[in-house]
Each structure stands twice: as C-alpha cells, then as structure tokens.
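Here's the structure we're looking at; comments come further down.
Protein chains: 2
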Amino acid sequence: MDTLRIGLLGCGTVGTGVVRVLSENAEDIRARLGVQVEIARIAVRDGAKPRDKVIDPALLTTNPSDVIDDPAIAIVVELIGGVEPARTLIGEAIARGKHVVTANKALLATRGPELFEAADARGVDIIFEASVGGGIPIIRTLREGLASDRIEEIAAIINGTSNFILTDMDREGADYAAMVRKAQEAGYAEADPTLDVGGSDAAQKLSILMSISFGSRIPWTDIHVEGLDTVTATDLVYAREFGLKCKPIAMARLVGEGLLEARVHPALLPRGSLLAAVDGVFNAIFLRSRGLGPSLFYGRGAGMMPTAVSVVSDVIELGRNLLRGTSGRIPHFAFHDDLLPAMRLRSMDEVQTRYYLRFQVADQPGVLGSIASVLGARGISIAQMVQKEPSGGTDGAPVDVVMVTHRAREGDVRMALKTIDSSVVTRAPTRLLRIEEGFGA
Amino acid sequence: MDTLRIGLLGCGTVGTGVVRVLSENAEDIRARLGVQVEIARIAVRDGAKPRDKVIDPALLTTNPSDVIDDPAIAIVVELIGGVEPARTLIGEAIARGKHVVTANKALLATRGPELFEAADARGVDIIFEASVGGGIPIIRTLREGLASDRIEEIAAIINGTSNFILTDMDREGADYAAMVRKAQEAGYAEADPTLDVGGSDAAQKLSILMSISFGSRIPWTDIHVEGLDTVTATDLVYAREFGLKCKPIAMARLVGEGLLEARVHPALLPRGSLLAAVDGVFNAIFLRSRGLGPSLFYGRGAGMMPTAVSVVSDVIELGRNLLRGTSGRIPHFAFHDDLLPAMRLRSMDEVQTRYYLRFQVADQPGVLGSIASVLGARGISIAQMVQKEPSGGTDGAPVDVVMVTHRAREGDVRMALKTIDSSVVTRAPTRLLRIEEGFGA
Numbered sequence: 039m040d041t042l043r044i045g046l047l048g049c050g051t052v053g054t055g056v057v058r059v060l061s062e063n064a065e066d067i068r069a070r071l072g073v074q075v076e077i078a079r080i081a082v083r084d085g086a087k088p089r090d091k092v093i094d095p096a097l098l099t100t101n102p103s104d105v106i107d108d109p110a111i112a113i114v115v116e117l118i119g120g121v122e123p124a125r126t127l128i129g130e131a132i133a134r135g136k137h138v139v140t141a142n143k144a145l146l147a148t149r150g151p152e153l154f155e156a157a158d159a160r161g162v163d164i165i166f167e168a169s170v171g172g173g174i175p176i177i178r179t180l181r182e183g184l185a186s187d188r189i190e191e192i193a194a195i196i197n198g199t200s201n202f203i204l205t206d207m208d209r210e211g212a213d214y215a216a217m218v219r220k221a222q223e224a225g226y227a228e229a230d231p232t233l234d235v236g237g238s239d240a241a242q243k244l245s246i247l248m249s250i251s252f253g254s255r256i257p258w259t260d261i262h263v264e265g266l267d268t269v270t271a272t273d274l275v276y277a278r279e280f281g282l283k284c285k286p287i288a289m290a291r292l293v294g295e296g297l298l299e300a301r302v303h304p305a306l307l308p309r310g311s312l313l314a315a316v317d318g319v320f321n322a323i324f325l326r327s328r329g330l331g332p333s334l335f336y337g338r339g340a341g342m343m344p345t346a347v348s349v350v351s352d353v354i355e356l357g358r359n360l361l362r363g364t365s366g367r368i369p370h371f372a373f374h375d376d377l378l379p380a381m382r383l384r385s386m387d388e389v390q391t392r393y394y395l396r397f398q399v400a401d402q403p404g405v406l407g408s409i410a411s412v413l414g415a416r417g418i419s420i421a422q423m424v425q426k427e428p429s430g431g432t433d434g435a436p437v438d439v440v441m442v443t444h445r446a447r448e449g450d451v452r453m454a455l456k457t458i459d460s461s462v463v464t465r466a467p468t469r470l471l472r473i474e475e476g477f478g479a
Numbered sequence: 039m040d041t042l043r044i045g046l047l048g049c050g051t052v053g054t055g056v057v058r059v060l061s062e063n064a065e066d067i068r069a070r071l072g073v074q075v076e077i078a079r080i081a082v083r084d085g086a087k088p089r090d091k092v093i094d095p096a097l098l099t100t101n102p103s104d105v106i107d108d109p110a111i112a113i114v115v116e117l118i119g120g121v122e123p124a125r126t127l128i129g130e131a132i133a134r135g136k137h138v139v140t141a142n143k144a145l146l147a148t149r150g151p152e153l154f155e156a157a158d159a160r161g162v163d164i165i166f167e168a169s170v171g172g173g174i175p176i177i178r179t180l181r182e183g184l185a186s187d188r189i190e191e192i193a194a195i196i197n198g199t200s201n202f203i204l205t206d207m208d209r210e211g212a213d214y215a216a217m218v219r220k221a222q223e224a225g226y227a228e229a230d231p232t233l234d235v236g237g238s239d240a241a242q243k244l245s246i247l248m249s250i251s252f253g254s255r256i257p258w259t260d261i262h263v264e265g266l267d268t269v270t271a272t273d274l275v276y277a278r279e280f281g282l283k284c285k286p287i288a289m290a291r292l293v294g295e296g297l298l299e300a301r302v303h304p305a306l307l308p309r310g311s312l313l314a315a316v317d318g319v320f321n322a323i324f325l326r327s328r329g330l331g332p333s334l335f336y337g338r339g340a341g342m343m344p345t346a347v348s349v350v351s352d353v354i355e356l357g358r359n360l361l362r363g364t365s366g367r368i369p370h371f372a373f374h375d376d377l378l379p380a381m382r383l384r385s386m387d388e389v390q391t392r393y394y395l396r397f398q399v400a401d402q403p404g405v406l407g408s409i410a411s412v413l414g415a416r417g418i419s420i421a422q423m424v425q426k427e428p429s430g431g432t433d434g435a436p437v438d439v440v441m442v443t444h445r446a447r448e449g450d451v452r453m454a455l456k457t458i459d460s461s462v463v464t465r466a467p468t469r470l471l472r473i474e475e476g477f478g479a
C-alpha cells in the first residue's frame, strides 16, 4: 500500500478545510504515515454549487454510494451533520468494513451507542475528535493521556456562539437580543440560533465527553439545560459588583457510586479565574481527575481550519492503525467502561451550589425581612446582599434586591422561590443564576 | 505475553507515585492493554532508606544492572534525574533493546539528540511526557493532535516554583527573597532554587518543546534567560497600575525561514488574559499553530501523582506498541523534521515587543525631557508615562519615572538605556520588563 484512499461525505466549510489541510500538509503527512493520503471521492448534495478552487470537480459525485461502495476507499469522513442521512450512510460504510471519521455531535449524542456497537461487531473504528471543541484535542486527551487516571469532573465552555454573546453582553452591557443579531452578522450564530443559545448543542457535546470520561450512556436529552434567555444585562452588571462573570457552562461530575450530576446553563464564575478568562468564540474544557488534579484545554471550538485539522488528525490515526494492522481497537467509551457501574443522573433538586438571586419587589418596609425569613426557613443562608434604589423613581416602582447565598440545596432554593414569587410584594419572577467555583487551582 | 514487565531506575517521589498509579489502576490498565503491567525490579541508590509501604522491598536492588540486564524487562523507566548516571544507564538499556520512559528534562535538553540517535539505531523508543509540564499531556498533544498542523509560537509557564513566587509577590506585595523562603517552606522550591528561579529549568523544558514543535536542535544554553531577580515588588505594583501582571514566561516562535526567537524571562501580561490567570504552582502552555490558531493547556507542572500519571501513560503507550509489534516508531523531533531547514536563533537585539521601563532619576526639571529625547532618537515611542512622587521626601531623593513603550526593537532599547544609565541624573540602573500580548484570542 503506497496510498491511503479516503472518501468524503459532504463538502461544506469543514470539508473544504479538510481538502485544504490534506493538500497543504501533503508532504508532512506522507513523511509521518509513510504513504500519501488521497481523497478518492467527495459526495455532495448539490453538484452544481460553486466551490473553492482547491476542490477538484472530477472528484465530486451526488451519489453517496460512489464513496461507500468504492472498495479502494478505506476511510469515510462524514461531514454532513445532523442525524439523517448521516446515520444511514455511516451504517452502510461500517457494514462495508470502512473506518469512519465524523464531526457529527448530534448523531453521536443521539445514536452513538448503536453505531459503536455496529463498528465493534464489524471490527472497524469510529473516531470523532472534531465533534467536541473543534480544534481542541480533548477526545484524544481523554482517551490516551488520561488512560491511567479517573476523571471526576468536567466543566466546559463548548458552545462558541453562546460564549461570544455572553462576552459581548458583559463588555458592552447590551441586551441578549441585540447580541444574538451581532453574532448572526459576524457569522457565529445560525439564522435559527436555538440549538446554540438554548443549550442543546452543549448538552450533546457534554454527553459525548461523559461517555468517554465516565462510560455514561445517559441520553443528552436527560441533561438539565437552561439557555441564555435566563440572563439579562442587568444581572451581568450586578454580578460584576460581586466580582462574578457569566459564562455558558456545561458540567458533569461524579457525585457517588454510579451517580452523575450533569447540567448546562449560564453560570457565574469568579472574575480572574481561568474559565472566566475564556472570551469570545473560544472554547475551554476544564477537567478534574484523581491523579492529575485540575487541568484545562483551550482553543477554537469551531471554524473551518481548526475543525479540519482535528478531522485530519483522526484520518492520520486511523491510517497509521491500518498500516500497522491494528485497526478496530479504539475505545468508544471510557476504557474501563465494563468495570464501571451503569451511570444515572442525580435530580437537580439535589444539586448544591451558591446562588445569585435577584428579587424584584415592592419598595416598602418589611419586604427584605420576609424574603430573608422564607430563605432562612429552608436553611438557605445569605452571604451578601445589596438593595438597589428603585430605578424609575415613581412611587410603587419595584426595587431590585440582589443576594448571593452560601451553598444551598437547589430543591430548597426552588421551594423558597415558589413561596416568594407567589407573595403579593413580588413584582416579577425571581432571577436565579448558579455560582460555580473551584474550576481551577 | 500476558504480563508486561517494567523496571524502575530511581524510586523517589515520582517513582513511588508510579508504583501507586500502577497498583491503584491495575484493573483499568489490564482492561486497556489486554495484559497486566508488573514492576519487576526497582534500582535505588540507598537500599536501607525507609519507603512508602506501597513499595515491595523484595523488588529493590542497589545494582542498576539488575534492571538493565534483566531480559524479562521490556521497558525501563528512568526517574533518577540529572545527566549522570542517568545518561549512561539509559544508553545501556537502549543497547540491550529496551524501550525507555524518562521524565528527565536536564538529560533530554543536554544529551537528547545522541540518545534519540542511539534509540533509532537500535529500533527502540524513548518517550518523555513527564519531562515538561508534569501532568499536562503536552508532548503527546504536540506529537499526535497537531500531526497535520504547524506550530508557529509557544508561550509557556513551565516552572511552577517561579510562578508560585511571582503569584505571591503580586498578591501580597512581598519582596522576592521572602517569597523564595515561603516557597521553600511549602516544599515548592529546592534549598538551592537557582535552577528554578534563574530560568535554567524553564529553558531546558522550552528546548524540548522546541525540538518537537520546530525540529530545533538548538542547545538550551543558547536560549536567552533572565531570572526572577530582575523583578521587584515595586515594579509589580506599578505594573498593576497599567493593568499588567508579571508571569515567568518561556517563549519561542518561528520568525523566518529556519529562524527562531526563544527567550525565558519574567514578562508583563494584560490582567484578565488567559496566561495571566494561571496562578500558584500551576503550569500552562499556550500554542499558536497555522491551522488550529491559539490553544492552551493548563495543569499541574509537578507533584507526585500528576507526574506519575504521565509516566504511566507513556508506559501504556509503549506497551500497546509492543503488543502490536509497532515499536520504535515514535518521532523524537518534529515529524516533518527532515523537511525543515536547520533552525538557528535570532539575536535578542532583533526582538520587538513593548517595554515597561522604570527610570530612577534625580527629581529635577528637564530630566523627563532628556529621557524622552534619548528614547525618541532611537525611534522608541512612549505609550504611557507616570512620574511618581519621591518616596523619601528628602531633598535629592531619586524619583521613579515609569514608562510603557510602543513596540520597539530591543537593540535600540538597550542602546538608549546605556545612554540614560550613564547620565549624571540617573541614580540606579533602569528596570526593564518586556510586555507580551497576544497569548490568547
């Protein structure tokens, strides 16, 4: 074998990047692998669409079978995205004994276990470095570098669009809707940004990290998710007064034998802490493991070249295994998976953290005392409190009372807020943001 | 083969950690590798020294040949440190066809090329994840994850002792000598901390990173090094007023065809930037590469368990290659090494960056103007300037004039300072710190 032939399914932004990386680094890759990597065929939906000149039009086909059925193609790179037809095509590629590289988080989070099972049965590999954190080699790090360690906690900024929006809301004091428009104009947010800002994208990626770190098979749809719509410019200003900065956090931790806590929501972090310094579209994954202690991996979470570099790294790894005759052995879940208990999720009521609470109440004597009493009765202790001047100045305008609590049980906080929000002095539902610390030294 | 037998040379802190990691994760590692890993023999200098109970006394020997000559031992783990006798023992292990894991930065930085050459000739591997950044999988990341990319810049905090001292000087406003004593009491600094705070340790690690990233064979002793003694508590206070924080930085970048800039010194970074948030004994390595753009890897740079986990990861990688019959192929330099030109270092005179300058001058009219004239004549432009009140209050006490320049050429700055420092109005040598930006988004 003097040429490793691969086929592409899909040739959008990332696909074009893959062609470019393979072409620009052809000599390096040949030196590394001992053989050259050749793109034999590229299946696209629209054969007439204008494409970057790096794409050889002779390679294009609108029939995916031209890739999947070609016996000369050893590795199929799936860059279509979404569940179908990607799932069916990958299934067919596996059935024909081809190895698969994919960046498709939605597919892996939704149908990963069955695809991995099919791959195991057929003795082929599926690898997916680019599915989480674009250019950050987090999957390989979890799989290889931490092979003799146990992950205990993950806290990640893995949706670049959400981070871009929150970074700008924090810098400019602008409101959420304006920043979504800005992100769309900058090309960072989709026309329909729901998956990003709603938290689903991060939950899918978190479930992939959980599968490798904890052997978890918990569906991403079971993960507690809150979107950016829970954050207002006002809360960011108040949070700053407490030395806190808002970040879109996806986190999971081992909290007991076979028991995980997992959640995706905006969270307030201490300013000056490491994750709080991750701004703009950048991603970062913080890990805490038994042996290594805390570690963090930072980089671009998306974009043509970072994602393409990750995809090509996967191609090189599969290629090297093929040449050495050691294919079909890349672990898909935590490698000690069969030694671990089946993982289940802890109820959100049992979460314990510190809370930022903004009460919007009537500006009258005794209100503060009654709020404190309700919290106290649930065992929730107040660490700091600020009562704001009424903004309107008009009689009867509501006033903001902002509190930061000590650690409390979320179930208790929810029950207390239910009581407070149903009170006649409360003018609007209480704003709640979780404060997360300890993602660092 | 149902057992992978390894031998240890040295059994201090890290060695004890390796025994512990192998013992605590025995089942995981067996599941991962398919065979168990057994420590067959441990060579130590002092056989009578009391040791952790995890160490089986029956395995100890004071004769390193018991490890090196044992045909059952496939992998030798060298944890002695220092150049000799480590170099001789590793050379003998290689000659007997054994693979080598080492954490020995001093040895690699000093004699790496010849050891790698011997290993290549004998068809064995030397791997060294723990030699840089203890628990941070940076060597593997450079070698594997960035296989299809080109590194353009490295900026790292890779000496934990120096970072601990600067972090505390910044937090407490204490002076350098007091913080060195504190670091020694905390067990982070050696009795003779010269290697750490003088910058040699960081230069050795940087030269290892440069060899993998750029294929550089530049001796670590050629790298420009400045120690922490160039930093005073006063400068940290002034730097804070400019929004800057001091960190011990080791950096290298490709600045032309075959031309590298490399230096190790305390540098001022913008507060709120990512590397500035790396505090205490923690390490971080920032990379900029052609495809991935900026990335950063953070974690513990030393300590028993982090370092031991990295060593065991190396053992697992070598073990897997042995079992697959694919040993002897781990690249020691940048994999595209033979495609790259031989690297040479740029003169420090050619470095261009922004500078923090503190002039200690007579408190008299015209001094500021004459400083500005000397700088201006060399094309050095002042971005910000603060003139401090004389601290003593006594007539003739010197006054601090603090400036931050725009980008300037270091050779020009040095020439200007030579003129200024020889002036009759200058009371003490001018303090210079480089301001480094752009290690982040």
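Protein chains in written order, with the numbering used here: chain A, 39 to 479; chain B, 39 to 479. Think of the CB as a built atom: it goes at the ideal place given N, C-alpha and C, for glycine as much as any other residue.
Option in the options with minimal Cα separation from residue i
i, options, result
"B:THR270", "B:SER348, B:MET207 and B:GLN74", "B:MET207"
"B:LEU71", "A:ALA277, A:ASN142 and A:GLU182", "A:GLU182"
"B:ARG416", "B:TYR394, B:SER385, B:GLY404 and B:GLY449", "B:GLY449"
"A:VAL463", "A:GLN398, A:LYS426 and A:GLY478", "A:GLN398"
"B:GLU210", "B:GLY366, B:GLY331, B:ARG79 and B:GLY318", "B:GLY318"
"A:ILE323", "A:MET289, A:SER238 and A:VAL442", "A:MET289"
"A:ILE132", "A:LEU233, A:ILE164 and A:ASP387", "A:ILE164"
"A:LYS220", "A:ILE203, A:GLY236 and A:LEU298", "A:ILE203"
"B:LEU297", "B:SER385, B:PHE154 and B:ILE174", "B:SER385"
"A:THR443", "A:ARG396, A:PRO428 and A:THR457", "A:ARG396"
"B:GLN74", "B:LEU470, B:MET343, B:ALA400 and B:ILE44", "B:ILE44"
Within-9 Å CB hit, residue i to chain B
i, result
"A:ASN197", "no"
"A:PHE252", "no"
"A:VAL59", "yes"
"A:GLY331", "yes"
"A:PHE320", "yes"
"A:ALA305", "no"
"A:TYR276", "no"
Neighbour-count burial assignment, residue i, 16 or more Cβ in a 10 Å radius
i, result
"A:GLU116", "buried"
"B:HIS374", "Below a pLDDT of 50, predicted positions are generally treated as unreliable, and B:HIS374, at 49, falls in that range; the measurement from the model is reported next regardless. Per the 10 Å Cβ criterion, buried."
"A:ASP120", "Looking at the sequence itself, residue 120 of chain A is Gly, so the reference to Asp does not match. It counts as exposed."
"A:ARG422", "One detail in the question is off: residue 422 of chain A reads as Gln in this sequence, not Arg. Exposed is the call here."
"A:THR140", "buried"
"A:SER311", "buried"
"B:MET39", "exposed"
"A:GLU474", "buried"
"B:LYS456", "exposed"
"B:GLY85", "exposed"
Chain-ordered neighbours of residue i on chain A, where CB pairs are closer than 7 Å
i, result
"B:ASP187", "VAL347"
"B:ASN63", "SER186"
DSSP beta-bridge partners of residue i
i, result
"B:LYS285", "B:ALA305"
"B:MET217", "For B:MET217, which the question treats as bridged, DSSP gives no partner whatsoever."
"B:GLY331", "B:SER327"
"B:GLN390", "B:ARG447"
The ligand ZN heavy atom lying under 8 Å from the CB of residue i
i, result
"B:HIS370", "The ligand ZN is not among the ligands present in this structure, which contains no ligands whatsoever."
Any chain A beta carbon closer than 9 Å to residue i
i, result
"B:LEU269", "Note that residue 269 of chain B corresponds to Val in the displayed sequence, not to Leu. For B:VAL269, the answer is no, since every Cβ of chain A falls outside 9 Å of its Cβ."
"B:VAL52", "no"
"B:GLY296", "no"
"B:PRO151", "no"
"B:MET39", "no"
Contacts that residue i makes with chain A (C-beta to C-beta distance below 8 Å)
i, result
"B:LEU233", "Ordered by position in chain A, no residue passes the 8 Å Cβ test against B:LEU233, which lies about 23 Å from the chain."
Chain-ordered neighbours of residue i on chain B, where CB pairs are closer than 9 Å
i, result
"A:GLU182", "PRO175, ARG178, GLU182, SER351, ILE354 and GLU355"
Partner residues on chain E for residue i, Cβ-Cβ distance less than 7 Å
i, result
"A:ILE67", "Protein chains in the displayed structure are A and B, and chain E is not among them."
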